[in-house]
Structures are given as C-alpha cells and as structure tokens.
Amino acid sequence: MQAVLLAGGLGTRLRSVVNDRPKPMALIEDKPFMEYVVLELKKHGVSEIIFAVGYKGSMVEEYFKDGSPWEIKVSYAYEEELLGTAGAIKNAGQKVTDDRFFVLNADTFYQIDYKRLTALSEERDLDMALVLREVPDVSRYGQAVLEDGWLKTFDEKTEEKCRGTINGGVYYLRRSLLDAIPEGKVSLEHDMIPRWIAEEKKLGGIVNDGYFIDIGVPEDYYRFMEDIKKGTVIV
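First residue of the sequence shown: 32, per the numbering used here; consecutive thereafter.
Right under this line is the structure:
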C-alpha cells in the first residue's frame, strides 16, 4: 500500500519553539515527529511513502533517504511553490501507482483502524473515504456529516456549540481523482471535497475515536512529547 505524507507547510505557528526545520521534523525523544507517523503507517501495512515536501524539504530527504532503515520504500515530490493540500496531492500523485492510496498530514498523529477504511472503500466502491472524529464543540471547526457511511456535508460552518464530527485529515483516494484536481494552488478541504460532493462522487467514511494530535501549536507539540514519555502513545 502507498501513502502520501503532506509535509510541505511552513509551520509558522510552531516557529517560536521549532525554527530550524520543517514542522513534521520537530524532534520528539530524538526522533522527528514524522517518524512516529511513518512507523504507525508501516504497522498497518503501508510499504511505500511519498513525501510531499516544500519548505526545507531536503532535511526530510537527508533523514529518511530511500526508507531502507525502516524497511519501506520512500520517494519525494517537491513543491516549487505552495500548492495547497490538493495541489500537493496532485504533484505527489505522479509517483502513485496503486489504484487507491492514503493521504495524511505529516504534522498529525492519528491512530485509526485502517482496515475499516479500506474495507468500506472496497465494499462501496468509493472514490474517496475519509476519517472523521467526534468533538464536543463543532463551532470551532467546519462540520462534516456522515449518513449511513456516506459523506453528506463537509467543512460546513455552524455557530451552534454542539457535539459533532469533523474532518480527521486521513483520506483513502482513488488515483483517478487526481485528474479532477486543477493545476496550481488548490485546497482539498475547501475546494475539492465540497465540489466532489456536489458532483455526487462516491464519498464515504468512518468515525474514529483513536488517539489524535496535531503539533501545529507549541502546547500540543509538548503534549505529544509527554504522551510519548508516559507511554500514552505506543508505536
């Protein structure tokens, strides 16, 4: 199985504590954060990773090289300019050979049931499956809603403070969707997924309650450090 790891962002909110490297390369117990993501993917059967890199991307390549120390295959897709999430996926997609592949944010660690996601895709012949997570207050985010496993709304803004589901940032895409992404800077979340829902593409997903963290801000970066130290997170 193949996965694209989106690692091209500037990581400006974390610069106050990590300013010498790309955000996913921030050190946790002498390992870059992204290594924990790679190990989690390997544990679930991913054997090839395409790093979508931009800012200081050579640092990622210098560390992971060809992937052989982790017994995986690794390649790199460089962005000359910021392309947004969908643009980065399209750029990295030139190296994708599988009919379906995973896409994840390299600054997020999310423990999910990958088999549930792939099984749903096969069972319903989905163009894209995604993982949602439940939060106590959806008003802070764009709400995403599943009905019987089908994605009905996505990135929907609401002012009502209530429990609901939001995007967890893990996707399983059919490779043919790459052709639908325009050239240049394009957002998967704000441009393509709402468009695909409107076009009645076959989109579905699961709700997952596994461990989740995004190290985009210093407090969460430090929290992940503590969780690794305490053994809350086992990779």
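For glycine and all other residues, C-beta sits at the position ideal for the given N, C-alpha and C.
All values derive from a computational prediction rather than experimental measurement.
* What residues in its chain sit with their C-beta under 6 Å from that of Asn-136, if we drop five residues either side in the sequence? -> Within the same chain, Leu-37 and Gly-200 come within 6 Å of Asn-136 by CB-CB distance, once the 5 residues on both sides are set aside.
* Asked: Can you check whether the CB of Phe-185 is closer than 7 Å to the CB of Ile-246?
  -> At least 7 Å separates the beta-carbon of Ile-246 from that of Phe-185.
* To do: Look up Thr-263 in the DSSP assignment and say whether it is helix, strand or coil.
  => In the structure shown, Thr-263 sits in coil (DSSP, three-state: anything other than H, G, I, E or B).
* To do: Identify whether Thr-189 lies in helix, strand or coil by the three-state DSSP scheme.
  => Three-state result, Thr-189: coil.
* Alpha carbon to alpha carbon, what distance is there between Glu-110 and Glu-215? -> In the sequence on display, residue 215 carries Gly and not Glu. Taking the straight line from one Cα to the other gives about 10 Å.
* **Three-state secondary structure (DSSP) of Asp-245** => In this structure, Asp-245 counts as strand in the three-state DSSP scheme.
* **Neighbourhood of Asp-258 by C-beta, 6 Å cutoff - its chain only, sequence neighbours within 5 removed** => In its chain, beyond the 5 residues on either side, Val-264 have a beta carbon closer than 6 Å to the beta carbon of Asp-258.
* Asked: With C-beta atoms as the reference, is Phe-140 less than 7 Å away from Ile-59?
  -> In this structure, Ile-59 does not lie closer than 7 Å to Phe-140 by Cβ.
* Within the same chain, show all residues whose beta-carbon is closer than 6 Å to that of Arg-171, passing over the 5 residues directly before and after it, in chain order. => Once the five neighbours on either side are set aside, Arg-171 has no close Cβ partner at all.
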